[in-house]
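A quick write-up on the structure given underneath.
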Amino acid sequence: QKEVEQNSGPLSVPEGAIASLNCTYSDRGSQSFFWYRQYSGKSPELIMFIYSNGDKEDGRFTAQLNKASQYVSLLIRDSQPSDSATYLCALRGNSGGYQKVTFGIGTKLQVIP
Amino acid sequence: DAGVIQSPRHEVTEMGQEVTLRCKPISGHNSLFWYRQTMMRGLELLIYFNNNVPIDDSGMPEDRFSAKMPNASFSTLKIQPSEPRDSAVYFCASKEYLSYEQYFGPGTRLTVT
């Protein structure tokens, strides 16, 4: 089992809809969780960080964490064509030292105008 | 701030040749990471440094890969000899030690023929 599992997609949603991106992980000791956005041909950029169970909201983005079920999700409300990108789920676990971050394969999101 | 600087941006080389990728982290950042990204395996951590010292190199695929950080403002990733399966985008990222956010460089697209 991979440490971080994501469906590679593509996930297609109409403009204005809610996009729901999901991620599961295997290491129960994982401490912190991240969502990065990566536009085609560009480098990843951090958009959300969460470490406590529950929801964290930032503008149109909401990250949800459920440690008991070992999943993390990202909701994008009022999806825009500019949200079309690959979204990488990542976590900081217990192995490899405090700094090591493990990434999922990423889910490609397409927002259809 | 100039951000993380990587060079070259593109490298095409023949199998068996030596390849050196370069990275200049953001000034003041004391953690530096080298990643490799492919369609099949996603974004993989190769090695990371804290205060110029290699901490975890468990992701380095084999002895053909080596990385150095001679000072706080420069790091290299060397592949010798290169093979076609090394073709990928190589990212360098940096962050402040206690911060959770990594800042990625633009990447080097390596093609080995």
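Chains A and U, in that order, are what the protein sequence lines are.
Each residue of the first sequence is one higher than the one before, starting from 1 at the first, in my numbering.
Each residue of the second sequence is one higher than the one before, starting from 114 at the first, in my numbering.
For every residue, glycine included, the Cβ atom is placed at its ideal position computed from N, Cα and C.
Source: prediction; values computed, not measured.
Environment of residue i [buried if 16+ CB atoms lie within 10 Å]
| i | result |
| --- | --- |
| U/Glu124 | buried |
| A/Ile112 | exposed |
| U/Ala115 | exposed |
| A/Ile18 | exposed |
| U/Asp199 | buried |
| U/Ala201 | buried |
| U/Met152 | exposed |
Residue i - containing beta strand (DSSP E), residue span
| i | result |
| --- | --- |
| A/Glu45 | 45-50 |
| A/Gly54 | 54-58 |
| A/Asn66 | 61-66 |
| A/Ile112 | 107-112 |
Residue i - DSSP class collapsed to helix/strand/coil
| i | result |
| --- | --- |
| A/Ser26 | coil |
| A/Arg92 | strand |
| A/Ser82 | helix |
| U/Pro197 | helix |
| U/Gly155 | strand |
| U/Met173 | coil |
| U/Arg149 | strand |
| U/Tyr216 | strand |
| U/Ile118 | strand |
| A/Arg77 | coil |
| U/His238 | There is simply no residue 238 of chain U to check, as chain U begins at 114 and stops at 226 in what is shown. |
| U/Lys208 | strand |
| A/Lys100 | coil |
| A/Tyr39 | coil |
| U/Ser179 | strand |
| A/Pro14 | strand |
| U/Asn184 | strand |
| A/Asn7 | coil |
Within 8 angstroms, strictly: CB atoms of residue i and residue j
| i | j | result |
| --- | --- | --- |
| A/Phe33 | A/Leu91 | yes |
| A/Cys89 | A/Val4 | yes |
| A/Gln99 | U/Ile160 | no |
| A/Ile47 | A/Tyr39 | no |
| A/Leu75 | A/Thr62 | yes |
| U/Asn229 | U/Asn164 | Limits of chain U in this structure are 114 at one end and 226 at the other, which puts residue 229 of chain U out of reach. |
| U/Lys181 | U/Ser188 | yes |
Distance, residue j Cα to residue i Cα
| i | j | result |
| --- | --- | --- |
| U/Phe146 | U/Pro138 | 9 angstroms |
| A/Asp27 | U/Gln193 | 34 angstroms |
| A/Ser73 | U/Arg154 | 21 angstroms |
| U/Gly141 | U/Phe217 | 15 angstroms |
| A/Thr102 | U/Arg149 | 12 angstroms |
| A/Asn53 | U/Ser195 | 44 angstroms |
| A/Ile105 | U/Leu134 | 23 angstroms |
| U/Glu214 | A/Ser79 | 24 angstroms |
| A/Leu65 | U/Phe204 | 28 angstroms |
| A/Lys71 | U/Arg177 | Residue 71 of chain A is actually Tyr in this sequence, not Lys. Cα-Cα distance, rounded: 36 angstroms. |
| U/His173 | U/Ser179 | Before going further, note that residue 173 of chain U is Met rather than His in the sequence given. If I take the Cα positions, the gap works out to 8 angstroms. |
Partner residues on chain C for residue i, Cβ-Cβ distance less than 8 angstroms
| i | result |
| --- | --- |
| A/Pro44 | Absent from the structure: chain C. Protein chains present are A and U. |
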